[in-house]
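The opening position of the sequence shown corresponds to residue 48 in our numbering, with each subsequent residue numbered one higher. For reference, the structure discussed in these notes is given below.
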Amino acid sequence: MPLVNGRILLNCIQEKHVLAGAFNTTNLETTISILNAIERSGLPNFIQIAPTNAQLSGYDYIYEIVKRHADKMDIPVSLHLDHGKTLEDVKQAVRAGFTSVMIDGAALPFEENIAFTREAVDFCKSFGVPVEAELGAILGKEDDHVSEADCKTEPEKVQRFVEETGCDMLAVSIGNVHGLEDIPRIDIPLLQRIASVSPVPLVIHGGSGIDADILRSFVNYKVAKVNIASDLRKAFITTVGKAWVNNNNEANLARVMANAKQAVEDDVYSKIKMMNKNHSAFRKVS
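Quick look at the structure:
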């Protein structure tokens, strides 16, 4: 199945009443791992990459790798730009073939965030690519960007923000955090209030550190997409590190990478299963 447009994937997610993961990749091995896990699960999900990681290979190469693998899959997947900080990030990803993007103006004042996000939406509209925006700053570390702000999303601003920007998804701050160094304190009543006024599906960042029961509950509050990055990177790096600890003369890079690749695939699969464990469409693969 070819890569699908993010809107199509969102519709599929909502029809199935499932919670989609948006799994961050960095290199060839993690890309294939994520796609294999999505295929194993039988459920639609996103694969995504942030600009800081895309610098390693370029948007075009990431697109080609994902597209070639997705063409052989039976399960729909969308390629998403995570945390586009500039309009140029968005333009490069869209022109490369990404089927969904995020523009992150959360650090800007409210009115500036609206104008900044609107620029990205206007550009993406002619390509038919959906845009995720962010309202409310999220605490923690995302790649090389550290946010010390913990500014929760204000429900009374949500409808106006969505209507004036034209965004298709909204990432919200409800006590979730980036990275594994801080503890998330999820405010479900706040999420309920946001869901009641949001015209579009919601996105939760920082999924790695959130309790399983809380994660599963998100589907009841208009959440369609949960971003997961830190746990995957930890699985990859830990596996490679163990290879060196076990044998500091290890020279079989293919074997080390294969083991790291499998660790990431298993972690992604287990997370999809955990978020949707009671869903009939989930493929229970041993």
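All C-beta atoms, glycine included, are put in the ideal place defined by N, C-alpha and C.
Just to confirm my understanding: we take residue i, look at its own chain, exclude 5 residues before and 5 after, and list those with CB closer than 8 Å. What are they?
i, result
"E76", "F283, M304, A307, K308 and V311"
"E159", "G152"
"E62", "none"
"S243", "P202"
Which of the three DSSP states, helix, strand or coil, is assigned to residue i?
i, result
"M149", "strand"
"E297", "coil"
"N12", "Any question about residue 12 goes unanswered here, given that the chain covers just 48 to 333."
"S80", "helix"
"E201", "coil"
"H116", "helix"
"V176", "coil"
"M304", "helix"
"I109", "helix"
"L238", "helix"
"A342", "This structure gives no information on residue 342, because the portion of the chain shown stretches from 48 to 333."
"S317", "helix"
"G131", "strand"
"L103", "coil"
"L50", "coil"
"A69", "strand"
"H192", "Confidence at H192 is low in this model, with a pLDDT of 48, below 50, so the placement of that residue is unreliable and no value is reported for it."
"V332", "With a pLDDT of only 47 at V332, under 50, the local geometry of the prediction cannot be trusted, and no value is derived from it."
For the putative contact between residue i and residue j, defined by C-beta atoms under 8 Å, what is the C-beta separation to the nearest angstrom?
i, j, result
"L50", "A117", "5 Å"
"S80", "V270", "That pair is no contact at about 24 Å."
"K318", "G68", "6 Å"
"A184", "C198", "4 Å"
"F70", "I109", "No, F70 and I109 are not in contact; Cβ-Cβ is about 13 Å, not under 8 Å."
"I150", "V137", "6 Å"
"P202", "I241", "5 Å"
"V178", "D215", "6 Å"
"L82", "M48", "11 Å between Cβ atoms; not a contact."
"I233", "I275", "Wrong, their Cβ atoms sit about 15 Å apart, outside the cutoff."
"R263", "M322", "6 Å"
Just to confirm my understanding: we take residue i, look at its own chain, exclude 5 residues before and 5 after, and list those with CB closer than 6 Å. What are they?
i, result
"V266", "L66"
"L249", "L217, V219, K269 and V270"
"V237", "Sequence check: residue 237 is Leu here, not Val. Excluding residues within five positions, the ones whose Cβ falls inside 6 Å are I221."
"S125", "V51, G53, L56, F93, T146 and S147"
"T73", "N100"
"V224", "L186, G187, P231 and G253"
Ordered along the chain, which non-local residues of its own chain (more than five positions away) have a Cβ less than 7 Å from that of residue i?
i, result
"T212", "I161, T164, R165, V168 and A180"
"V209", "L217, S245, P246 and V247"
"Q139", "Y106"
"C59", "P91 and P123"
"T200", "L182, G183, V219, S220, I221 and I241"
"I112", "L75 and T78"
"N325", "none"
Any contact of the segment 120–135 with the segment 144–161, i.e. 3+ C-beta pairs under 8 Å? yes
Please determine if the segment 285–293 and the segment 80–98 are in contact, where contact requires at least 3 C-beta pairs separated by less than 8 Å. no
Taking only runs of the alpha helix (DSSP H) that begin and end inside the segment 212–292, which ones reach a length of at least 4 residues, in chain order? 235–244 and 259–264
Three or more beta-carbon pairs under 8 Å between the segment 250–259 and the segment 53–61, yes or no? no
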